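Numbering (this note's numbering), first residue to last: 37 to 283. Every residue, glycine too, gets a C-beta built ideally from N, C-alpha and C. Values in this document were obtained by computation on a predicted structure and should not be read as measured data.
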């Protein structure tokens, strides 16, 4: 308990140093573009591939488990859409990104810490937390809606593709289910959740990397701790945001 409170205090103090007005805006925007490309654009391929296959599997599994003639076939498309929009493209996808992006951030900043590059910045009077962490947080939060929308589109496309080869569903009924009682707020709900998750992933990973002590072995441990803690906080935030926004 004492260790957890100590880490929480360190995290809050670090975020206080991080969220500050940059002293040199040209350097900040240069770093921001770099982080958007590294953390966001480089993650599109894994988001698209996973979403296509998961969307296909969801549609097939639902069609196999709806055997009652009393349940209309368009329920397959409707249920697939709801699962992808409400949970998969935001929460599940961000859990996957926590492993890829979070470990990348923690290992990068942790390596700079153990090689004393951060100490050198502090000696020169540079706010190292603002210079290193703020572009990562801002970059991931700005680009995460693109990843979420890409996941929605490709996941639904995977479901549509499954309807052409599935035995118990037709493309027309699947497409009708996709349009049935569509609530546009669910798209905004997923985007808002993903922005919160992006802050959780980038800030927690940055904290574990920034506060690492020891050698290269501890950098690997910090990366693991960052992924685990980010995943736990994403699940907790998912419960809270769902209760606040949908109930």
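{"query": "What did DSSP end up calling residue 62 once you bin it into helix, strand or coil?", "result": "helix"}
{"query": "Compute the Euclidean distance between the alpha carbons of residue 94 and residue 40, then round it to the nearest angstrom.", "result": "38 Å"}
{"query": "Hey, which unbroken runs of the alpha helix (DSSP H) at 4 residues or more fall wholly within the region 38 to 82?", "result": "38 to 54 and 61 to 71"}
{"query": "Does the beta-carbon of residue 149 have 16 or more other beta-carbons within 10 angstroms, so that it is buried, or is it exposed?", "result": "buried"}
{"query": "Let's see if you can read the secondary structure: which residues bound the alpha helix (DSSP H) around residue 245?", "result": "221 to 246"}
{"query": "Cutting at 6 Å between CB atoms, please list the residues of its own chain near residue 154, excluding the five before and the five after it.", "result": "148 and 164"}
{"query": "Suppose contacts are defined by Cβ-Cβ distances below 8 Å. Is residue 241 in contact with residue 142 by that definition?", "result": "yes"}
{"query": "Going by DSSP in three states, residue 106 sits in which element: helix, strand or coil?", "result": "coil"}
{"query": "Take residue 98 and list the residues in its own chain whose beta-carbon comes closer than 7 Å to its own, dropping the five residues that flank it on each side.", "result": "112, 115 and 116"}
{"query": "Considering only the beta carbon of each residue, do residue 65 and residue 213 sit closer than 8 Å?", "result": "no"}
{"query": "Is the region 44 to 54 close to the region 79 to 92, with three or more CB pairs under 8 Å?", "result": "no"}
{"query": "Please classify residue 158: does DSSP put it in a helix, a strand, or coil?", "result": "helix"}
{"query": "Return yes when the Cβ of residue 176 is within less than 8 Å of the Cβ of residue 223, no when it is not.", "result": "no"}
{"query": "Alpha carbons only, please: which of 201, 92 and 70 is nearest the one belonging to residue 284?", "result": "The requested residue 284 is not part of the displayed model; the chain covers only 37 to 283."}
{"query": "Below 8 Å between beta carbons: does that hold for residue 210 and residue 191?", "result": "no"}
{"query": "Is the Cβ-Cβ distance between residue 275 and residue 227 less than 8 Å?", "result": "no"}
{"query": "Can the beta-carbon of residue 273 be found closer than 8 Å to that of residue 233?", "result": "yes"}
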